[in-house]
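Residue numbers (UniProt numbering): 1 to 456. Glycine is no exception: its CB is placed at the ideal position from the N, C-alpha and C atoms. Quick notes on the structure that follows.
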């Protein structure tokens, strides 16, 4: 790449003109005012002086936009306004998130008040006055009033069932049994008043249903006469049943109230056994529930330990059983000492020659030491000589072989007297289980010849 350098020499004054296309006007930060900053409906006032067209760049958080600003005379300002109503839906949503539960509760309360007032209207004097001085001229309002009386009767019947159940549960409650006589008197009086009022309401609602039906019986349509007669009979039956039930309940309450009043008068001078029993029962229940978790945990731990010990005992029992069976089998297989000695004597005294303990060496395996007879293993009879057995006549050499660390003797001899035979058997019983000293065959032959010569 070729680079050229140009040198310009100026002798006169040099003038330069700078063409400015746009004017830049910087405005300091302005706080937006309004309900929500950086949202629709916010506004700001900006003052900027320029001789040419100006574009304002407005930045609000992460959002930026531009607006064209027209030129005005000096001293006048340009307002950028965008009017928007607040977001009503957003405000309502935020409000309902916190107050929807309250609104629902208020709605339920209003509904309950309306229902209650509609039932209470049955007992108001204005209703009776309107019924006498301004009677209905059509059947529809009469039917509406009859339905109102019937609903009021059904409500009082449901209230009767609730009061009866409450009284039964209160009789089983320990708190009532442990309460003071004054507290029990107040409790009984309140329940007694509620039961009496309920009985009166049942009487009023049923009576007004029957009376209204009689007053407007001429206005009853032909299609509804049978139904109306059936409902009248039903109202009379319900009135009789529940009034009897409430009367019985009132009688029981009055008895309990009399007992509580007597306890209140004689309380400081006597002791109530029922209260003492209830007190002990409550203390026992409290102690049981407090220690229930600990007891269950301890019981689980003990049960696990018992199971582990049972498993260990079963394992030890199996080991002992197997060991005892092994010992029994070994004892059955191993002969006793007397049997072993008897067998050895029978083998010694047997007339026939016993089979060889090892195979006789052949010509092919003379060099092999295993399975061949070694002359050095021939036993000696010095032990018998030392004990005075030098008169035993031996026709053939006596051999002593070691087999499974037990000494077995085979003796071939001429017939000897009974005394020598008994002595040989006694000496054979004293033979140790260790291997005897082995002497060469030549020495054995010499000893045998010497003993034969002495006998001759």
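### Task
Look at the alpha carbon of residue 198 and the alpha carbon of residue 239, and state the distance between them as a whole number of angstroms.
11 Å
### Message
Assuming residue 169 is part of the alpha helix (DSSP H), what are its boundary residues?
### Response
139-172
### Message
Quick check on this structure: which residue in 237, 246, 185, 343 has the alpha carbon closest to the alpha carbon of residue 165?
### Response
Measuring C-alpha to C-alpha distances from residue 165 to each of 237, 246, 185, 343 identifies 246 as the nearest.
### Task
Indicate the three-state DSSP secondary structure (helix, strand or coil) for residue 181 in the structure shown.
Helix, per DSSP.
### Where residue 156 falls, given that 16 or more other Cβ within 10 Å makes a residue buried
So residue 156 counts as buried.
### Inter-residue CB distance, residue 142 and residue 212 (contact presumed, cutoff 8 Å)
7 Å
### Query
What is the residue span of the alpha helix (DSSP H) that residue 253 lies within?
Element bounds for residue 253: 225-266.
### Query
Under a three-way DSSP split, which group does residue 216 fall into?
coil
### Query
Is it a yes or a no for the segment 190-207 touching the segment 140-154, going by three-plus beta-carbon pairs under 8 Å?
yes
### Query
When you compare each of 226, 159, 228 to residue 194 by their alpha carbons, which one comes out closest?
159
### Query
With residue 260 and residue 168 assumed to form a contact (beta carbons below 8 Å), what rounded beta-carbon distance in angstroms separates them?
Wrong, their Cβ atoms sit about 17 Å apart, outside the cutoff.
### Other residues of its chain near residue 312: CB distance less than 8 Å, five sequence neighbours each side excluded
none
### Query
Considering only C-alpha positions, which residue in the set 248, 210, 254, 263 is nearest to residue 237?
210
### Query
Does the beta-carbon distance from residue 146 to residue 228 come in below 9 Å?
yes
### Query
What do you get for residue 230, buried or exposed, if any count of 16 or more other CB atoms within 10 angstroms of its CB means buried?
exposed
### Query
By DSSP, does residue 201 sit in helix, in strand, or in coil?
helix
### Query
Expressed to the nearest angstrom, what Euclidean distance is found between the alpha-carbon atoms of residue 457 and residue 314?
Examination of residue 457 is not possible in this model, given that the chain is present from 1 through 456 alone.
### Whether residue 191 touches residue 178 by CB criterion (9 Å)
Contact check for residue 191 against residue 178 fails: the beta carbons are separated by 9 Å or more.
### 9 Å Cβ cutoff met for residue 176 and residue 257
no
### Query
Does the beta-carbon of residue 216 have 16 or more other beta-carbons within 10 angstroms, so that it is buried, or is it exposed?
buried
### Task
Within the same chain, show all residues whose beta-carbon is closer than 6 Å to that of residue 242, passing over the 5 residues directly before and after it, in chain order.
Result list for residue 242: 157, 160, 202, in chain order.
### Query
Exposed or buried, residue 249, counting other C-beta atoms within 10 Å across all chains shown (16 or more means buried)?
buried
### Alpha-carbon spacing of residue 138 relative to residue 218, whole angstroms
11 Å
### Task
Pull up the distance between the alpha-carbon of residue 307 and that of residue 324, whole angstroms please.
Rounded to the nearest angstrom, the gap between the Cα atoms of residue 307 and residue 324 is 26 Å.
### Message
Using a 10 Å radius around the Cβ and a threshold of 16 neighbouring Cβ atoms, would you call residue 132 buried or exposed?
### Response
exposed
### Query
How many angstroms separate the CA atom of residue 298 from the CA atom of residue 281?
25 Å
### Query
For residue 264 versus residue 181, is the C-beta distance shorter than 9 Å?
yes
### Query
From residue 309 to residue 347, what does the alpha carbon distance come to, in whole angstroms?
Spanning the two alpha carbons is a distance of roughly 56 Å.
#### Entry: Cβ-based burial, residue 205 [other Cβ within 10 Å; buried from 16]
buried
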